[in-house]
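For the sequence shown, our numbering assigns the number 1 to the initial residue and increments by one for each residue that follows. Idealized CB from N, CA, C, for every residue including glycine.
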Amino acid sequence: MKTGAGEQNQSRYQIFRQSEHRMILYRYLNLLWRWLWLLLLMTFLSGGAAYAVSIRMTPVYEASTTLLINQAPAGSASPDYNAVLTAERLARTYAEMLVKRPVLEEVVHELNLPVTPAALGERVRVRPIRDTQLIVVTVEDVDPQRAADVANRIVAVFSEQNRELQSERFAESKRSLMSEIAKLQADINATQTELAALRGVDDPVRRARLEEALVQYRSSYATVLRSLEEVRLAEAQLTNSVNVVETAIPVLMPVRPRIAMNTGMAAVAGLLLAIGLALLFEYLNDRVSSAEDVATAARVGMLAAIGRIDGVEPSDKLVMLKDPFSQVAEAYQMLRVKLEIARFEKPMRTLLVTSSSPGEGKSTTAANLALAIARSGKRVILVDTDLRRPSLHRFFRHANLRGVTTALVRDPSDSLYNHMIATSVENLLVLPSGPVPSDPAVMVSSRKMLDLIGELQRMADVVVFDSPPLLAVADAIPLAHLCDVTLLVVLAGATRTTQLRRAYDQLLQAGVEPQGVVLNRVTREQGGYDHYYYYYGGARKRRRRGVLGRLFRRRRHSPPGVVDTAHVGAIETRHTVTGGSAPSIAASVEEALPLHLDGHPTITGTVATSEAHGQRNGTAPHPTIDTK
Numbered sequence: 001m002k003t004g005a006g007e008q009n010q011s012r013y014q015i016f017r018q019s020e021h022r023m024i025l026y027r028y029l030n031l032l033w034r035w036l037w038l039l040l041l042m043t044f045l046s047g048g049a050a051y052a053v054s055i056r057m058t059p060v061y062e063a064s065t066t067l068l069i070n071q072a073p074a075g076s077a078s079p080d081y082n083a084v085l086t087a088e089r090l091a092r093t094y095a096e097m098l099v100k101r102p103v104l105e106e107v108v109h110e111l112n113l114p115v116t117p118a119a120l121g122e123r124v125r126v127r128p129i130r131d132t133q134l135i136v137v138t139v140e141d142v143d144p145q146r147a148a149d150v151a152n153r154i155v156a157v158f159s160e161q162n163r164e165l166q167s168e169r170f171a172e173s174k175r176s177l178m179s180e181i182a183k184l185q186a187d188i189n190a191t192q193t194e195l196a197a198l199r200g201v202d203d204p205v206r207r208a209r210l211e212e213a214l215v216q217y218r219s220s221y222a223t224v225l226r227s228l229e230e231v232r233l234a235e236a237q238l239t240n241s242v243n244v245v246e247t248a249i250p251v252l253m254p255v256r257p258r259i260a261m262n263t264g265m266a267a268v269a270g271l272l273l274a275i276g277l278a279l280l281f282e283y284l285n286d287r288v289s290s291a292e293d294v295a296t297a298a299r300v301g302m303l304a305a306i307g308r309i310d311g312v313e314p315s316d317k318l319v320m321l322k323d324p325f326s327q328v329a330e331a332y333q334m335l336r337v338k339l340e341i342a343r344f345e346k347p348m349r350t351l352l353v354t355s356s357s358p359g360e361g362k363s364t365t366a367a368n369l370a371l372a373i374a375r376s377g378k379r380v381i382l383v384d385t386d387l388r389r390p391s392l393h394r395f396f397r398h399a400n401l402r403g404v405t406t407a408l409v410r411d412p413s414d415s416l417y418n419h420m421i422a423t424s425v426e427n428l429l430v431l432p433s434g435p436v437p438s439d440p441a442v443m444v445s446s447r448k449m450l451d452l453i454g455e456l457q458r459m460a461d462v463v464v465f466d467s468p469p470l471l472a473v474a475d476a477i478p479l480a481h482l483c484d485v486t487l488l489v490v491l492a493g494a495t496r497t498t499q500l501r502r503a504y505d506q507l508l509q510a511g512v513e514p515q516g517v518v519l520n521r522v523t524r525e526q527g528g529y530d531h532y533y534y535y536y537g538g539a540r541k542r543r544r545r546g547v548l549g550r551l552f553r554r555r556r557h558s559p560p561g562v563v564d565t566a567h568v569g570a571i572e573t574r575h576t577v578t579g580g581s582a583p584s585i586a587a588s589v590e591e592a593l594p595l596h597l598d599g600h601p602t603i604t605g606t607v608a609t610s611e612a613h614g615q616r617n618g619t620a621p622h623p624t625i626d627t628k
């Protein structure tokens with residue numbers, strides 16, 4: 001039994017490791033995709049620059065000749081290690097001598113080259129071939145024929161100079177023997193002349209002496225001549241020779257510039273540089289763009305990744321009304337579900353939505369989250385407590401004449417419903433901020449605000465507050481103390497980790513622990529939410545039509561159980577909760593609100609929508625203000 005449990009745990013661990021590896025791979029692929037423009041740009045720029053420079057360079061040609069170094073035989077019949085080492089040293093020595101000034105000066109003089117010996121030496125490259133007695137002499141020049149002539153002439157001049165240098169060791173002996181031979185030849189000639197003169201003279205003693213001297217001279221001549229031959233033989237045996245194995249010929253293919261190689265290497269270098277820059281930028285980038293960044297900066301989980309919402313007007317941001325089957329709407333629904341699960345033991349009655357800095361989308365998140373909760377059947381009141389820069393009234397296209405500020409100073413007999421906005425969603429009311437006060441911080445932290453929050457809790461199941469940014473003003477901290485749940489909204493790719501950490505620490509110092517973070521305006525590369533939505537609502541995405549498609553579009557047939565709101569006038573759905581149906585807030589407003597209050601326009605309650613008004617994406621039009 002234990003063995004089976006161990007194998008199951010091992011299998012789970014392997015699955016976990018594989019999933020972790022896939023996540024790491026996905027992060028690197030995501031990083032590569034995000035910086036693909038830089039990689040392509042640097043690659044093309046580097047390769048293009050190298051190509052442009054290479055085609056403008058003067059072509060350089062190369063010619064090579066190969067020499068064979070014949071070393072003089074050693075005394076031993078079988079070569080030993082010293083002989084091999086001597087041969088290698090001799091090859092390296094000759095390689096150095098080939099590019100010395102005496103050889104180069106003679107080559108420049110004989111070929112009448114328009115360069116100095118030093119400049120010619122820079123274009124000559126000598127390379128001994130390892131484990132052989134071969135030396136390769138290579139010459140570079142802008143003229144292929146001249147390169148071959150110079151290579152061949154260098155070898156010829158070096159061979160002559162080497163031969164002369166080798167023969168100097170035996171020159172003195174040969175000169176001495178040659179002079180001795182000449183002297184003996186002269187003595188022999190003189191003796192023969194004297195013998196010829198004695199032919200008619202009867203002097204046998206002198207003739208015998210001359211004949212004996214001639215024999216001696218001839219014997220000495222033969223001995224000296226034999227010594228000369230021995231010296232010549234020794235010179236031939238002990239002289240290192242240089243032989244040409246392969247002469248240089250003109251090669252019409254230039255060795256420089258190598259356009260293809262230069263372009264490819266520059267492109268690869270540009271790609272590597274771009275990768276290094278991308279990694280450096282990612283390392284230095286302190287903006288929050290993923291769940292890992294959120295966990296590192298705030299040490300809390302990311303509850304939802306909200307995509308971009310198209311639209312210019314604030315009312316266009318209400319994606320729960322405009323397109324309830326979109327990916328962003330599903331993300332808000334997922335956020336609602338996660339909040340309900342997290343608060344399962346202790347239901348969520350008050351919810352504060354805030355951010356670290358302005359412009360991160362907290363108001364949009366609060367409005368859409370309130371719509372999502374209201375659609376689930378709960379009575380929701382959306383409160384704009386951003387008394388400095390209120391914006392929720394613009395989301396619902398309503399004047400900000402009444403709201404929180406007027407409710408705080410209202411007469412006890414005045415109903416709180418008179419300061420609210422009735423929306424097209426059955427279970428949602430909006431309490432705007434009202435006129436901007438002179439001291440918002442004092443008003444938010446007052447006793448009346450606490451009483452107002454208690455009254456709102458008695459009127460609804462969930463109260464959603466849109467508060468000011470944490471780091472900008474001090475208004476959000478008192479509200480966070482009074483609410484059950486606090487959400488931090490972070491703008492993906494814009495909010496810095498230091499800002500998120502400061503906001504999180506500020507809440508912790510005040511004794512408030514955020515429930516989680518909502519990553520707003522996440523792109524597909526950052527969040528990856530687009531991959532998961534297809535299973536749930538991707539089939540309902542509208543296809544982009546061309547001009548002809550929009551002109552001649554056909555009426556779509558809805559599948560069973562799905563209402564096509566593009567052609568239905570007004571459909572009101574009522575949600576039920578466990579234990580019975582929830583009372584409608586709009587109905588309460590309809591009963592409580594008078595038509596005229598203090599000369600201010602009042603809301604007529606839930607507007608009965610008709611086919612004349614129509615609906616957009618299944619949502620009723622916003623309520624109008626009765627100005628009678």
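Asked	Found
Secondary structure of L303, DSSP reduced to three states	strand
Touch test, the stretch 20-33 against the stretch 215-235, Cβ-Cβ under 8 Å, three pairs minimum	no
Chain C contact for E246 (CB, 8 Å cutoff)	Here there is only one protein chain, and chain C is not present.
Through-space distance from L280 to L273, alpha-carbon basis	10 Å
Length at least 3, wholly inside the stretch 313-361: the beta strand (DSSP E) runs in chain order	350-355
Pick from R206, V157 and G493 that is closest to D293, judged by C-alpha positions	G493
Chain-order list of residues whose beta-carbon lies under 8 Å from that of P514 (same chain, five-residue window excluded)	A298, V300, T486, L487, L488, Y504 and L507
Beta carbon of Y217 nearer than 8 Å to that of T191	yes
Own chain partners of P560 with C-beta closer than 7 Å, once the 5 adjacent residues on each side are dropped	Reliability of the predicted coordinates at P560 is poor, the pLDDT of 34 falling under 50, and the value obtained from them is presented with this limitation in mind. Within the same chain, P560 has no close Cβ partners at all.
For T486: DSSP bridge partner residues	L352
From N70, E160 and K174, residue whose alpha carbon lies closest to that of Q133	N70
Proximity winner among L401, A186, A474 and S167, relative to L233 (alpha-carbon distances)	S167
Proximal residues to N152 (C-beta, below 7 Å), its chain only, five neighbours per side dropped	T65, T247 and A248
Selected residue, minimal CA-CA separation from N243, among L177, I154 and D323	I154
Cβ neighbours of G549 in the same chain (closer than 7 Å, five flanking residues each side left out)	Because G549 carries a pLDDT of 43, less than 50, the predicted location of this residue cannot be relied on, and the following value inherits that uncertainty. Within the same chain, G549 has no close Cβ partners at all.
Segments assigned beta strand (DSSP E), at least 3 residues, entirely inside the stretch 227-291	241-246
Per DSSP, cross-strand counterpart(s) of D384	D466
Cβ contact (3+ pairs, closer than 8 Å) linking the stretch 395-405 and the stretch 431-447	yes
Any beta strand (DSSP E) of 3 or more consecutive residues that is wholly inside the stretch 411-436	428-431
Nearest candidate by alpha-carbon position, reference E230, set V245, M178, A267 and P257	M178
Cut-off 6 Å between Cβ atoms - residues of its own chain near H398, not counting five sequence neighbours on either side	I421
Bridge partner(s) assigned by DSSP for V126	V137
Alpha helix (DSSP H) segments (min. 4 residues) lying fully within the stretch 1-66	2-34 and 36-55
Exposure of S391, with buried meaning 16 or more beta-carbon neighbours within 10 Å	buried
C-beta atoms of T365 and V353 nearer than 8 Å	yes
Inter-residue CB distance, R394 and P469 (contact presumed, cutoff 8 Å)	About 18 Å; that fails the 8 Å criterion.
Beta-carbon proximity check, S355 vs V490, cutoff 8 Å	yes
Where N400 sits in the DSSP three-state scheme	coil
According to DSSP, residues forming a beta bridge with R101	Answer by DSSP bridge pairing: none, since R101 is not bridged.
Cα-Cα separation between P128 and L277, rounded to whole angstroms	43 Å
Boundaries of the beta strand (DSSP E) in which V517 is found, first to last residue	G516 to V522
Cβ distance (whole Å) where L371 is taken to contact M320 below 8 Å	4 Å
Exposure of D143, with buried meaning 16 or more beta-carbon neighbours within 10 Å	exposed
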